[in-house]
Amino acid sequence: MNGDEGRSKARDEIDVLWDDLGAFVRRLRTKRNDHKLTPSQIQALGHLDRQGPLTAKELARFERVTPQSIAKTVAALEEQCMVTRRADPSDGRAALVTMTELGTSTLHEDRTKRTEWLAEVIDAECTEAERDLLLIAGRILRRLGQGASPASTSISEESLMNS
Numbered sequence: 193m194n195g196d197e198g199r200s201k202a203r204d205e206i207d208v209l210w211d212d213l214g215a216f217v218r219r220l221r222t223k224r225n226d227h228k229l230t231p232s233q234i235q236a237l238g239h240l241d242r243q244g245p246l247t248a249k250e251l252a253r254f255e256r257v258t259p260q261s262i263a264k265t266v267a268a269l270e271e272q273c274m275v276t277r278r279a280d281p282s283d284g285r286a287a288l289v290t291m292t293e294l295g296t297s298t299l300h301e302d303r304t305k306r307t308e309w310l311a312e313v314i315d316a317e318c319t320e321a322e323r324d325l326l327l328i329a330g331r332i333l334r335r336l337g338q339g340a341s342p343a344s345t346s347i348s349e350e351s352l353m354n355s
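Per our numbering: the sequence shown ends with 355, consecutive numbering throughout.
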């Protein structure tokens, strides 16, 4: 196999991976609670849960979206009483977006439902080795999604053997 054939085969395999990830995400989305929040709204709540109060600009950076897009997301979350906005004490021109108790409980219920489903599916459908591979793949996908340098977050062969 020459270099072009190898690259073509790798591209084909990546196309299949892309399709596989899409199918998984679509199935996972069916397992959410009946809260009527969009995936973007759930993700925004997740960032607020992990990071604490953020300005819209900071939230847009985490989400990798435009300020206009995050403004719509925050407005929809505020309308549903999932978040509040208050003046940023360090910058009077900005507002801090903070989760409400309803936002926190809605996010945690959603996470719990999805986590329970995934744990059940993995227990029923996967071997222990496959489970370990999925967890490793998850860490790699997170690193790729965050754009972190491989040297700072790579998974060593030794850690694979010890997990």
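Glycine residues also receive a C-beta, built at the ideal position from the N, C-alpha and C atoms.
Can you list, in chain order, the residues of its chain whose CB lies under 7 angstroms from that of Leu358, leaving out five sequence neighbours each side?
Outside the displayed range of the chain (193 to 355) lies residue 358, so it cannot be described from this structure.
Unbroken beta strand (DSSP E) run spanning Gly214, endpoints
Counting from one through the sequence shown, the residue named residue 214 turns up at place 22. Not the beta strand (DSSP E): Gly214 falls in the alpha helix (DSSP H), residues Gly195 to Arg221.
Quick check on this structure: which residue in Ala287, Leu336 and Arg323 has the alpha carbon closest to the alpha carbon of Glu270?
Walking along the sequence shown from the start, residue 270 turns up at place 78. Minimum Cα distance to Glu270 is reached at Ala287.
Arg219 versus Arg334, Ile332, Val313 and Arg285, residue with shortest Cα-Cα distance
The count along the sequence shown starts at 1 and reaches residue 219 at position 27. Proximity to Arg219 across Arg334, Ile332, Val313 and Arg285 peaks at Val313, based on C-alpha coordinates.
DSSP state of Thr345 mapped onto helix, strand, coil:
Residue numbering aside, residue 345 sits at position 153 when the sequence shown is read from its first letter. Confidence is the limiting factor: at Thr345 the pLDDT is only 46, short of 50, which leaves the residue's position unreliable and the question unanswerable from this model.
So the candidates are Trp210, Glu308, Leu246 and Thr292; which of them puts its Cα closest to the Cα of Pro281?
Here the question's residue 281 lines up with position 89 in the sequence shown. Looking at the Cα atoms, Leu246 is the closest of the given residues.
Extent of the continuous alpha helix (DSSP H) to which Thr296 belongs:
For the purposes of this step, residue 296 is identified with residue 104 of the sequence shown, where counting begins at 1. For Thr296, the enclosing alpha helix (DSSP H) has its first and last residue at Glu293 to Glu317.
Just to confirm, is the Cβ distance from Ile262 to Ala279 under 8 angstroms?
Position 70 of the sequence shown, counted from the first residue, corresponds to residue 262. Position 87 of the sequence shown, counted from the first residue, corresponds to residue 279. No.
Can the beta-carbon of Pro231 be found closer than 8 angstroms to that of Arg242?
The residue labelled residue 231 in the question sits at position 39 within the sequence shown. The residue labelled residue 242 in the question sits at position 50 within the sequence shown. Not a contact, by the Cβ cut-off of 8 angstroms.
Could you compute how far the alpha carbon of Arg323 sits from the alpha carbon of Arg331?
Position 131 of the sequence shown, counted from the start, is the residue given in the question as residue 323. Position 139 of the sequence shown, counted from the start, is the residue given in the question as residue 331. Distance from the CA of Arg323 to the CA of Arg331, rounded to the nearest whole angstrom, comes to 13 angstroms.
I'd like the span of the beta strand (DSSP E) that includes Arg278, first residue to last.
Indexing the sequence shown from 1 puts residue 278 at position 86. Boundaries of the beta strand (DSSP E) around Arg278: Val275 to Asp280.
Go ahead and label Val289 buried or exposed: buried means 16 or more other beta carbons lie within 10 angstroms of its beta carbon, across all protein chains shown.
As a first step, residue 289 must be located in the sequence shown, where it is residue number 97. Val289 comes out buried.
Leaving aside the five residues before and after Asp302 along the sequence, list all residues of the same chain whose C-beta is less than 8 angstroms from its C-beta, in chain order.
In the sequence shown, counting from the first residue as 1, residue 302 sits at position 110. Take Asp302, set aside five residues on each side of it, and the residues of its chain with a beta-carbon closer than 8 angstroms to its own are Arg224, Asn225, His227, Leu229 and Ile234, in chain order.
State the DSSP-derived secondary structure class of Asp241, mapped to helix, strand or coil.
To locate residue 241, count along the sequence shown from 1; it is residue 49. It is helical.
Alpha carbon of Arg306 to alpha carbon of Ala252, nearest angstrom:
For this step, residue 306 is matched to residue 114 along the sequence shown. For this step, residue 252 is matched to residue 60 along the sequence shown. Taking the straight line from one Cα to the other gives about 25 angstroms.
Any beta carbon of chain D sitting closer than 8 angstroms to that of Ala202?
The question asks about chain D, but that chain is absent: this structure has only one protein chain.
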